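*Asks:* Protein chains in written order, with the working numbering: chain L, 10 to 515; chain Z, 13 to 179. Note that beta-carbon positions come from the ideal geometry of N, C-alpha and C, so glycine has one too. All values reported here derive from a predicted model rather than from experimental measurement. The structure under discussion is supplied below as structure tokens; questions concerning it will follow.
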Amino acid sequence: MKRVSQRAAHYIRDELLKREHFIVIALDARQNILSVNRSTPDWKLPGLIRGSVLPDTLSSLLGAAVGSDDPVVFSYVEFEGYFVDIHVLGNEASADLVLHDVTEAHEQEQTLQQRAHENSLLSEQRAALNSELAELNQELFLRRQQAEKASTAKSRFIASMSHEFRSPIASIMGYADLLRTELPDSENPLALQRASWHLLTLVENLLEQAREGDESVKLNPTRFSLDRLVDDIDALFRTQATAKALDLETRSSPGKIEVECDELRLRQILINLVSNALRYTQQGQISVHVKHHEDKLYIRVRDSGQGIAAEDIERIFEPFTRVGESNTSGAGLGLTITRQLINRMGGKLKVESKPGVGSEFRADIPCPRAQDEHKEPPQLAGTLLWVDDDQDILSLYQLMLEGWGLHVLTASSVTQAKDMINRHNFPVVVTDMHLTDGDGLELFNYFKTTQPDIVGIIISGSGFVDLPLEAAASGIRAFLQKPLDADVLYTEIAAAFAGGSPGQSV
Amino acid sequence: MRTAKVCMVGAFGVGKTSLVRRYIHQQFDESYHTTLGVKIDTRVVDNIEKPIKLVLWDMEGADPFEKDKRPLARIRSYMKGAHGLILVADGTRPATVKTALGLYHDFCREFQYVPAIMLANKADLTAEWRFDDSVMPDALTLYHTSALNGQNIDAAFTALGKALSEL
């Protein structure tokens, strides 16, 4: 404000003093109160008495103001229940303190400040929680990654072990099949077949468990005879049933019905269900009915075993779980896998059971009837190379393919196969995927550029689901999985010689 | 008896008022009342060789993120002429350590070295505790305190009183 008249200055001072409370305290050099002047008589601060020493509260303010020629102001100082702005004028020898009551203004600002601080503290808490959450998420992510890695490693291990098992089982099953043809009246080939199917089912159960939730696993529909499947199941379990003095009844739809669905998995389902019935039935009967009606298979396995309590029904499908008597053998995977397989095939499994009376497992699985009647395959002609490092497998398929009219040369390594391919003109080469000195893909990639006309078929016992894709990318005609189905093998080889379109992987 | 002006400084919400209340009145209030301005209180430290009267300036807290500069200006004016400093941080809020140390360094730069201690308060909140003792300068003695249960409060004020009485 520019210079104003004395009259105006007095007017402003008087108006200010009417509205605001002031106290002026005059002090001597020893901080004794010389006088206390109030702008309004009703604002009394009992601690301020003329002749007494200045209270510590105010005296400490003087120290802070020492050395300053200009008035020093301390805002919002709490004093005797009021908030005051304190103006220190003068020096230590002679000072005046002017106390200005700002309690009302303080209250208003304090309310705003309180709200702002509370909001700020909440924001800090939220930020801390968010940061904690981010850390937890990161940890969760890392743990999930570790778990996924471990799970993949476990699945790969099981898949690779299944390969190791499948090759010898395929060999045993093939030879047992040949023996059955040669010795139709002997029980020995049947015993061999039973044992190998049992082994194969165990391996397949493990493999299925390892790839649980893997949507990329494909079904392999093939054409097969329903009554032969049921006969095989009967043959597999009759000895065991007889040994336990159980009455085993197996029945399929009347007539020679041929259907098209995944035979290996269907066998697995039946073997699991009948094994389970045999395991828990000590006397009485087991009946196995497989019927085909309107593109569906209806399976019913009924036993007169110990039965399952209602509260345990769901638990029997949990992996590695045993319900009831614990002195039974097996890994506890059979029913888990069975339900998994049936679901994968688009079917449903139901159980009804009464403790002490028995159990009944009923499944319905989509499975169309084969389009035309099966005929004896025509004889083939030509020479092919079969590569496998398992001599028994080589001999087995050599025998089988020669029965179809083919001339078969064999090699047991990638090196030997390369040498033979360079010396002979093979229209078709069949090779195992895993060989001692390399793999089947490597072999095909080798002659793909020099002899592109050769048709390649790869066979593998590995459970790795990505191998067929790799094979397809390398221009391989077919990727077949062990144990080989003779009909599928015949179809693929016949098509390879005829130069037909590539078949699907197995 | 000597009198010493001691300033309680730090960010808002760290518990400065609660610490003074616990030290002077042996009381604790759960609710949070932000301090605007300064409250001046006294207590004699008499369990030492040369008893001393501490005039405790419980000041409003600074904004750790310095969005509001007004409190900082007032705090700096209040700190003038202090004989000792009690720096207060909230052991569950790491940003408040920086605020307390910042005020300490400001003071030392503008005025002079005075005896000071650091209180890492709310030590009862062990689950949320995030105070890193290793960030403390050698010149500051650190106390983990709790205004809620009184942990280390008498010890800290007495130690500072003793240091001031021996100057």
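(1) Straight-line CA distance for Phe492 of chain L to Tyr406 of chain L?
(2) Run through DSSP, which three-state label would Val437 of chain L get?
(3) Taking DSSP's pairing of strands, which residues face Phe31 of chain L in a bridge?
(4) Mind checking if Ile52 of chain Z is an interface residue toward chain L, Cβ cutoff 7 Å exclusive?
(5) Count the other CB atoms within 10 Å of the CB of Tyr116 of chain Z; is the residue buried (16 or more) or exposed (fewer)?
(6) For a test of the three-state rule: what should DSSP assign to Tyr20 of chain Z, helix, strand or coil?
(7) Under the rule that 16 or more other beta-carbon atoms within 10 Å means buried, what is Lys51 of chain Z, buried or exposed?
(8) Mapping DSSP to helix, strand and coil, what is Cys120 of chain Z?
(9) Can you tell me which of the three DSSP states Val86 of chain L falls into?
(10) So if I threshold CB-CB distances at 9 Å, which residues from the segment 82-95 of chain Z count as touching chain L?
(11) So, for Arg105 of chain Z: in the same chain, excluding its five sequence neighbours on each side, which residues have a beta-carbon less than 6 Å away from its beta-carbon?
(12) Quick check on Val437 of chain L: buried or exposed, where buried means 16 or more other Cβ atoms within 10 Å of its Cβ?
(13) Can you name the residues of chain Z whose CB is closer than 7 Å to the CB of Phe92 of chain L?
(14) I'd like to know whether the C-beta of Phe143 of chain Z is nearer than 7 Å to at least one C-beta of chain C.
(15) Using CA coordinates, which residue listed in L:Leu306, L:Leu235 and L:Arg135 is at the minimum distance from Gly355 of chain L?
(16) Cβ of Asp398 of chain L within 7 Å of Cβ of Thr445 of chain L?
(17) In three-state DSSP terms, what is Leu31 of chain Z?
(18) Ordered along the chain, which non-local residues of its own chain (more than five positions away) have a Cβ less than 6 Å from that of Arg14 of chain Z?
(19) Whose Cβ in chain L lies nearer than 7 Å to the Cβ of Phe24 of chain Z?
(20) Heavy atom of the ligand SAM less than 6 Å from the Cβ of Gly73 of chain Z, yes or no?
(21) Do Val396 of chain L and Ala420 of chain L have their C-beta atoms closer together than 7 Å?
(22) Against chain Z, does Ala73 of chain L count as a neighbour if the rule is that its beta carbon must be under 7 Å from one of theirs?
(23) So, with DSSP's three-state summary, where would you put Leu151 of chain L?
(24) Starting from Leu130 of chain L, find everything on chain Z with Cβ-Cβ shorter than 7 Å and list it in chain order.
(25) According to DSSP, is Asp166 of chain Z part of a helix, a strand, or is it coil?
(26) Based on Cα-Cα distance, which residue from L:Val97, L:Arg16, L:Arg324 and L:Ser195 lies nearest to Pro80 of chain L?
(27) List the DSSP bridge partners of Leu306 of chain L.
(28) Runs of 4 residues minimum, wholly inside the segment 272-298 of chain L: which ones carry the alpha helix (DSSP H) assignment?
(29) Check the DSSP bridge columns for Trp52 of chain L and list the partner residues they point to.
(30) Would you identify the three-state DSSP class for Val56 of chain Z, choosing helix, strand or coil?
(31) Name the chain Z residues whose beta carbon is nearer than 8 Å to that of His115 of chain L?
(32) At a CB-CB cut-off below 7 Å, which residues of chain L make contact with Arg105 of chain Z?
(33) Let me know the alpha helix (DSSP H) ranges lying completely inside the segment 402-464 of chain L, each 4 residues or longer, listed in chain order.
(34) If you follow the alpha helix (DSSP H) that Ser89 of chain Z is in, where does it begin and where does it stop?
(35) I'd like to know whether the C-beta of Val67 of chain Z is nearer than 7 Å to at least one C-beta of chain L.
*Replies:* With the given structure in hand:
(1) Position 483 of the first sequence, counted from the start, is the residue given in the question as residue 492 of chain L. Position 397 of the first sequence, counted from the start, is the residue given in the question as residue 406 of chain L. For clarity, residue 492 of chain L is Pro in the given sequence; the question names Phe instead. Distance between the alpha carbons of Pro492 of chain L and Tyr406 of chain L is about 12 Å.
(2) Numbered from 1 along the first sequence, position 428 holds the residue referred to as residue 437 of chain L. Looking at Val437 of chain L - three-state DSSP - the assignment turns out to be strand.
(3) Residue numbering aside, residue 31 of chain L sits at position 22 when the first sequence is read from its first letter. Phe31 of chain L pairs with L:His109.
(4) Within the second sequence, the letter at position 40 stands for residue 52 of chain Z. Yes, because at least one Cβ of chain L sits closer than 7 Å to the Cβ of Ile52 of chain Z.
(5) One-based indexing of the second sequence puts residue 116 of chain Z at position 104. Its Cβ being crowded by 16 or more others within 10 Å, Tyr116 of chain Z is buried.
(6) Translated into the one-based positions of the second sequence, residue 20 of chain Z becomes position 8. A small fix is needed here, since residue 20 of chain Z is Met in this sequence, not Tyr. It is a strand residue.
(7) Position 39 of the second sequence, counting from 1, holds the residue named residue 51 of chain Z. Answer is buried; the Cβ neighbour count reaches 16.
(8) Within the second sequence, the letter at position 108 stands for residue 120 of chain Z. Residue state, collapsed to three classes: helix.
(9) By one-based count along the first sequence, residue 86 of chain L stands at place 77. If DSSP states are grouped into helix, strand and coil, Val86 of chain L belongs with the strands.
(10) Pro83, Arg86, Ser89, Tyr90, Met91, Lys92, Gly93, Ala94 and His95
(11) In the second sequence, the residue the question calls residue 105 of chain Z occupies position 93. Excluding positions up to five away in sequence, the list is empty.
(12) Walking along the first sequence from the start, residue 437 of chain L turns up at place 428. Val437 of chain L is buried by the Cβ-count criterion.
(13) Here the question's residue 92 of chain L lines up with position 83 in the first sequence. Result: Gly49.
(14) In the structure shown, chain C does not exist; the protein chains are L and Z.
(15) Counting from one through the first sequence, the residue named residue 355 of chain L turns up at place 346. Looking at the Cα atoms, L:Leu306 is the closest of the given residues.
(16) Walking along the first sequence from the start, residue 398 of chain L turns up at place 389. Walking along the first sequence from the start, residue 445 of chain L turns up at place 436. Cβ atoms of Asp398 of chain L and Thr445 of chain L: closer than 7 Å.
(17) Numbered from 1 along the second sequence, position 19 holds the residue referred to as residue 31 of chain Z. Helix at Leu31 of chain Z.
(18) Looking up residue 14 of chain Z in the second sequence gives position 2. Closer than 6 Å at Cβ, skipping near neighbours: Ile64.
(19) For the purposes of this step, residue 24 of chain Z is taken as residue 12 along the second sequence, with counting starting at 1. Neighbours of Phe24 of chain Z on chain L, chain order: His126.
(20) As for the ligand SAM, it is missing from this structure, which has no ligand bound.
(21) As a working note, residue 396 of chain L is residue 387 in the first sequence. As a working note, residue 420 of chain L is residue 411 in the first sequence. Closer than 7 Å, so yes.
(22) As a working note, residue 73 of chain L is residue 64 in the first sequence. So, interface residue.
(23) By one-based count along the first sequence, residue 151 of chain L stands at place 142. Reduced to three states, the DSSP call for Leu151 of chain L is helix.
(24) Residue 130 of chain L sits at position 121 when you count from the first residue of the first sequence. What Leu130 of chain L touches in chain Z: Gly25.
(25) Counted from its first residue, the second sequence places residue 166 of chain Z at position 154. The answer is helix: DSSP assigns Asp166 of chain Z an H, G or I state.
(26) The count along the first sequence starts at 1 and reaches residue 80 of chain L at position 71. The shortest C-alpha separation from Pro80 of chain L is found at L:Val97.
(27) In the first sequence, residue 306 of chain L corresponds to position 297, counting from 1. DSSP, once it has assigned bridges, lists L:His301 and L:Ile374 as partnering Leu306 of chain L.
(28) 272-289
(29) Working through the first sequence from its first residue, we reach residue 52 of chain L at position 43. Bridge partners of Trp52 of chain L: none, in fact.
(30) What you label residue 56 of chain Z is simply residue 44 of the second sequence in a count that begins at 1. In the structure shown, Val56 of chain Z sits in a strand (DSSP, three-state: E or B).
(31) The residue you call residue 115 of chain L lines up with position 106 of the first sequence. Here the neighbours are Leu48 and Gly49.
(32) Working through the second sequence from its first residue, we reach residue 105 of chain Z at position 93. Correct list: Glu133.
(33) 423-432 and 449-457
(34) Translated into positions along the second sequence, residue 89 of chain Z becomes position 77. Here the alpha helix (DSSP H) through Ser89 of chain Z covers Arg82 to Met91.
(35) For the purposes of this step, residue 67 of chain Z is identified with residue 55 of the second sequence, where counting begins at 1. Cβ-Cβ to chain L under 7 Å: yes for Val67 of chain Z.
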